[in-house]
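*Asks:* These protein sequence lines are chains X and W, in that order.
Residue numbering for the first sequence follows our numbering, beginning at 1 and increasing consecutively.
Residue numbering for the second sequence follows our numbering, beginning at 1001 and increasing consecutively.
The C-beta atom is built at its ideal place from N, Cα and C for all residues, glycine as well.
Got a structure for you, questions after.
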Amino acid sequence: MARVVVDVMLKPEILDPQGQAVNRALPRLGFDGVVDVRQGKRFEVELEGPADEAALAQVREMAEKLLANTVIEEYRVRVEN
Amino acid sequence: MSVRIGVVTFPGTQDDTDALRAARVVGAEPVALWHRDPSLHGVDAVILPGGFSYGDYLRAGAIARFSPVMEAVIAAAREGLPVLGICNGFQILCESHLLPGALIRNAGTLFVNRDVKLRVESTSTAWTSDYSVGQQIVIPIKNGEGKFAADEKTLDELEAEGRVIARYLDNPNGSARDIAGIANAAGNVVGLMPHPEHAIEELTGPYPGPATDGLPFFTSLLKQLVNA
C-alpha cells in the first residue's frame, strides 16, 4: 500500500477569488503580515501496490485527465511516506 | 418530419424541463436523454442544460464530461451535430474540450442571479443565425462559476475567428473580454452562460421585458435543420 498525493492549484496567472476572500478575512482575525493566499485541492490516492514508476505514471495520467483541468490548473504528484 | 431536439438530464440538472419546453415552443419534438444512456436516439441536435451536474463535485462539469451520454455527444459533435451548452452545459463543453477555455469562480465570489444585457457578436453558428450582429438582448444569468477564462492566445484566436457569439454589456462575473458565449470553429457547438431557455415566453421571461429574447437560439437551429 502506498499513498500518492496530488496537489492541484490554479495557475499563477488565474485570479483566485476564494483565496483573496480568505486573505481579506485574515487581518480581521488579527493575523498580520500575510501577503497573499491561494486555495487549492489535495487528493490522496491510495494504491494497492507500491508507488513505483508505473504507478506514478498512472497517477499523473489521472491528474491530467480528471483531477486537474490543465487549462486553468497545475498539479504536482508526490509520494507520501 | 419534425426536428428532434435532445436534452440531457444528469443527476443535479435543473433546467432540462425548461430546455425541453423551449424545444416544444418553437415547434420541435423534445426528446429527453439520460446521462447513463449512451444512445442519442437519433436526435438532430442536443442541448446540455443548466444546473449542478454531479453536484459540481471536483469542478463544474468535470464528472458529467465522462458520463456515457457525453461520449456519444462528443463523438457526434465532432461530426457536426449541433450542440448547445447552457450554463452548466457550457462548463461541460469546456471540460470536454469541445470548446476552449474554462469557467471559473465569479470575480467577487458571489453567485449572480439576474437579467443581463448581451450584445450578439456572431450569427454564423447553428444557434445564432436568427439574430443580427450587434443586436442587444436581455437574458437571465444564474451562476457562481461563470467567469470565462482562457490564455491570451486562445482569446485572440476566438476573436480573430469570430467565435465569440455574445458579450456582456455590463460584465457580471469578470469574464475575460466580457465573453458570455463562444462557438467551436465549425459553428455547430455553442456554449453560453446566460439562459435563453428562460427567456422564451411573455409570462415567464425577463420582466418588464423584452421577455422572449432567448427564442432565436432555438428558432435559428430549426431553420438551419429544415433548410439543410
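Check the Cβ-Cβ distances between X/L29 and every residue of chain W, and say whether any is below 9 Å.
*Replies:* Chain W contact via Cβ: absent.
*Asks:* How many whole angstroms separate the CB atoms of W/H1035 and W/P1068, which I take to be in contact at a CB cut-off of 8 Å?
*Replies:* About 7 Å; that satisfies the 8 Å criterion.
*Asks:* What separation, rounded to the nearest whole angstrom, lies between the Cα atoms of X/M62 and W/G1012?
*Replies:* The alpha-carbon atoms of X/M62 and W/G1012 are separated by roughly 24 Å.
*Asks:* For the candidate residues X/L67, X/L47, X/N81 and X/V77, whose alpha-carbon lies nearest to that of W/R1059?
*Replies:* Out of X/L67, X/L47, X/N81 and X/V77, X/L67 has the C-alpha closest to the C-alpha of W/R1059.
*Asks:* With a threshold of 8 Å, are at least 3 pairs of Cβ atoms found where one atom belongs to the segment 1121-1129 of chain W and the other to the segment 1093-1104 of chain W?
*Replies:* Too few Cβ pairs lie closer than 8 Å, so no.
*Asks:* Against chain W, with Cβ distances strictly below 9 Å, would X/P17 count as a contact?
*Replies:* Yes, X/P17 lies at the interface with chain W (some Cβ there is under 9 Å from its Cβ).
*Asks:* Measuring straight from C-alpha to C-alpha, what distance separates W/V1189 and W/L1098?
*Replies:* In a straight line, the C-alpha of W/V1189 is about 7 Å away from that of W/L1098.
*Asks:* From which residue to which residue does the alpha helix (DSSP H) around W/L1158 run?
*Replies:* Looking at the DSSP string, the run of the alpha helix (DSSP H) that includes W/L1158 is E1152 to A1160.
*Asks:* Would you please verify whether the beta carbon of X/A21 is less than 9 Å from any beta carbon of chain W?
*Replies:* X/A21 counts as touching chain W.
*Asks:* Which complete beta strand (DSSP E) runs does the segment 1112-1184 of chain W hold, if anything under 3 residues is left out?
*Replies:* Those beta strand (DSSP E) runs which fall completely within the segment 1112-1184 of chain W and span 3+ residues are 1112-1120, 1136-1143, 1147-1149, 1164-1168 and 1179-1183.
*Asks:* Between W/V1164 and X/L29, what straight-line distance do the alpha-carbon atoms span, to the nearest angstrom?
*Replies:* Roughly 43 Å between the two C-alpha positions.
*Asks:* Is there a Cβ of chain W sitting closer than 9 Å to that of X/V59, yes or no?
*Replies:* Answer no: the Cβ-Cβ gap between X/V59 and chain W never drops below 9 Å.
*Asks:* Throw me the rounded Cβ distance for the W/A1149 and W/A1102 pair, which I believe falls under 8 Å.
*Replies:* Confirmed, Cβ separation roughly 5 Å.
*Asks:* Using a Cβ distance threshold of 8 Å, determine whether the segment 1175-1187 of chain W contacts the segment 42-58 of chain X, with at least three qualifying pairs required.
*Replies:* No, the segment 1175-1187 of chain W does not touch the segment 42-58 of chain X.
*Asks:* What's the C-alpha gap between X/T70 and W/D1178?
*Replies:* X/T70 and W/D1178: Cα-Cα distance of roughly 22 Å.
*Asks:* Report the option in W/L1048, W/I1141, W/S1220 and W/E1079 whose CA atom is closest to the CA atom of W/D1170.
*Replies:* That would be W/I1141, whose Cα lies nearest to the Cα of W/D1170.
*Asks:* Name the chain W residues that come within less than 8 Å of X/L66, Cβ to Cβ?
*Replies:* What X/L66 touches in chain W: L1058, A1062 and F1066.
*Asks:* Return the bridge partner residues of W/T1017 from the DSSP annotation.
*Replies:* In the DSSP output, where bridge partners are listed per residue, W/T1017 has none listed.
*Asks:* Measuring CA to CA, which of W/L1110, W/I1200, W/G1006 and W/E1197 is closest to W/A1238?
*Replies:* With chain W covering only 1001 through 1228, there is no way to say anything about residue 1238 of chain W.
*Asks:* Using a Cβ cut-off of 8 Å, pull out every chain W residue sitting near X/N81, in sequence order please.
*Replies:* Simply none; closest approach about 26 Å.
*Asks:* Does any residue of chain W have a CB that is nearer than 9 Å to the CB of X/V71?
*Replies:* Yes, contact with chain W.
*Asks:* Report yes if the C-beta of W/D1213 is less than 8 Å from at least one heavy atom of the ligand SAM; otherwise report no.
*Replies:* This structure simply doesn't include the ligand SAM, nor any ligand for that matter.
*Asks:* Verify the CB distance criterion: does W/A1107 have a CB-CB separation below 9 Å to chain X?
*Replies:* By this cut-off, W/A1107 is an interface position.
*Asks:* Report the residues of the segment 1084-1096 of chain W with a CB closer than 7 Å to any CB of chain X, ordered along the chain.
*Replies:* Result list: E1095.
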